[in-house]
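Contents: one structure, followed by commentary.
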Amino acid sequence: AAVQFAPEFAQVQQNTERVLEYLRQGAEKGADLVVFPECCLTGYGYPDRQTALLHALSVDSEPMQRIREECERSSVYAAIGLAERDGDALYNSACLLGPHGMFHVYRKVHLPWIGLDRFADRGSELPVFETPIGRFGILICYDLRFPEAALSLALRGADLILVPTNWPEGAESSPHFLAPARANENR
Numbered sequence: 001a002a003v004q005f006a007p008e009f010a011q012v013q014q015n016t017e018r019v020l021e022y023l024r025q026g027a028e029k030g031a032d033l034v035v036f037p038e039c040c041l042t043g044y045g046y047p048d049r050q051t052a053l054l055h056a057l058s059v060d061s062e063p064m065q066r067i068r069e070e071c072e073r074s075s076v077y078a079a080i081g082l083a084e085r086d087g088d089a090l091y092n093s094a095c096l097l098g099p100h101g102m103f104h105v106y107r108k109v110h111l112p113w114i115g116l117d118r119f120a121d122r123g124s125e126l127p128v129f130e131t132p133i134g135r136f137g138i139l140i141c142y143d144l145r146f147p148e149a150a151l152s153l154a155l156r157g158a159d160l161i162l163v164p165t166n167w168p169e170g171a172e173s174s175p176h177f178l179a180p181a182r183a184n185e186n187r
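Residue 179 in our numbering sits at position 179 of the sequence shown, with consecutive numbering throughout.
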């Protein structure tokens with residue numbers, strides 16, 4: 001399942017409640033995997049690095065723990081976007097969570113000069129995550145613009161590439177043309 005909603009900027013608790021409700025709904029409707037937007041827990045449009053770091057979450061934070069528990073309870077997998085704080089580092093990340101404590105983190109590699117990405121540190125890997133329901137790669141939003149990123153994941157055996165996004169106005173070509181092109185290029 002894909003969930004689209006407009007996260008409330010810097011309202012982590014409110015956004016977490018929405019994510020938990022959508023996870024429950026997805027599980028009730030038979031979804032094995034629920035993909036959420038880029039930075040759905042924290043919001044994306046930060047004015048500066050300090051503000052972003054103030055609202056960023058660690059992967060061990062209470063909201064992330066609650067989402068892990070819901071994945072366990074509902075037997076569902078989830079891809080969750082957030083501004084991630086790791087010490088002094090700041091990343092635009094997507095976490096892949098699932099039952100039985102499964103947890104992986106992808107940190108956005110390609111950073112455009114907008115929103116959180118102006119201040120985020122660049123990720124360094126394009127991993128493929130093995131799960132009982134398939135091998136998943138993750139690209140976040142702008143990452144999709146680069147054919148080599150999707151190709152790298154396909155060559156590493158990804159069955160599916162998850163693309164959490166927070167596309168701004170004017171990015172209509174991404175869902176209409178780039179996503180289908182990457183799928184076609186990599187089968």
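Ideal Cβ positions, reconstructed from N, Cα and C, are used throughout, including at glycine. Here the structure is a predicted model, which is why all the values come from computation and not from measurement.
Residue i - DSSP class collapsed to helix/strand/coil
{"i": "valine 163", "result": "coil"}
{"i": "phenylalanine 129", "result": "strand"}
{"i": "glycine 134", "result": "strand"}
{"i": "glycine 45", "result": "coil"}
{"i": "phenylalanine 103", "result": "strand"}
{"i": "arginine 68", "result": "helix"}
{"i": "aspartate 117", "result": "helix"}
{"i": "serine 124", "result": "coil"}
{"i": "alanine 149", "result": "helix"}
{"i": "glycine 81", "result": "strand"}
{"i": "alanine 89", "result": "strand"}
{"i": "leucine 53", "result": "helix"}
{"i": "alanine 6", "result": "coil"}
{"i": "alanine 94", "result": "strand"}
{"i": "arginine 73", "result": "helix"}
Within 8 Å, strictly: CB atoms of residue i and residue j
{"i": "phenylalanine 36", "j": "glycine 81", "result": "yes"}
{"i": "cysteine 39", "j": "alanine 89", "result": "no"}
{"i": "asparagine 184", "j": "leucine 151", "result": "no"}
{"i": "leucine 126", "j": "leucine 178", "result": "no"}
{"i": "methionine 64", "j": "leucine 57", "result": "yes"}
{"i": "leucine 175", "j": "isoleucine 114", "result": "For clarity, residue 175 is proline in the given sequence; the question names leucine instead. No, the Cβ-Cβ distance between proline 175 and isoleucine 114 is not below 8 Å."}
Proximal residues to residue i (C-beta, below 8 Å), its chain only, five neighbours per side dropped
{"i": "glutamate 8", "result": "Gln14, Asn15, Gly43"}
{"i": "glutamine 11", "result": "Gly43"}
{"i": "alanine 149", "result": "Val109, His110, Leu126, Leu139, Asp143"}
{"i": "aspartate 159", "result": "Gly134, Arg135, Phe136"}
{"i": "lysine 29", "result": "Ala1"}
First and last residue of the uninterrupted alpha helix (DSSP H) at residue i
{"i": "cysteine 141", "result": "Element bounds for cysteine 141: n/a, residue is neither H nor E."}
{"i": "glutamate 172", "result": "Where glutamate 172 is concerned, there is no enclosing alpha helix (DSSP H), given that its DSSP letter is neither H nor E."}
{"i": "glutamate 185", "result": "179 to 186"}
Assigned exposure category for residue i - 16 Cβ within 10 Å defines buried
{"i": "isoleucine 161", "result": "buried"}
{"i": "glycine 101", "result": "exposed"}
{"i": "proline 47", "result": "exposed"}
{"i": "glycine 123", "result": "buried"}
{"i": "alanine 6", "result": "exposed"}
{"i": "leucine 23", "result": "buried"}
{"i": "arginine 85", "result": "buried"}
{"i": "glutamate 172", "result": "exposed"}
{"i": "aspartate 60", "result": "exposed"}
Residue range of the beta strand (DSSP E) that includes residue i
{"i": "valine 12", "result": "Note, valine 12: premise wrong, no beta strand (DSSP E); alpha helix (DSSP H) at 12 to 28."}
{"i": "leucine 33", "result": "33 to 35"}
Neighbourhood of residue i by C-beta, 6 Å cutoff - its chain only, sequence neighbours within 5 removed
{"i": "arginine 107", "result": "Tyr91, Ser93, Gly123"}
Close Cβ partners of residue i (< 7 Å) along its chain, the five nearest in sequence each way excluded
{"i": "leucine 153", "result": "Leu126, Val128, Gly137, Ile161"}
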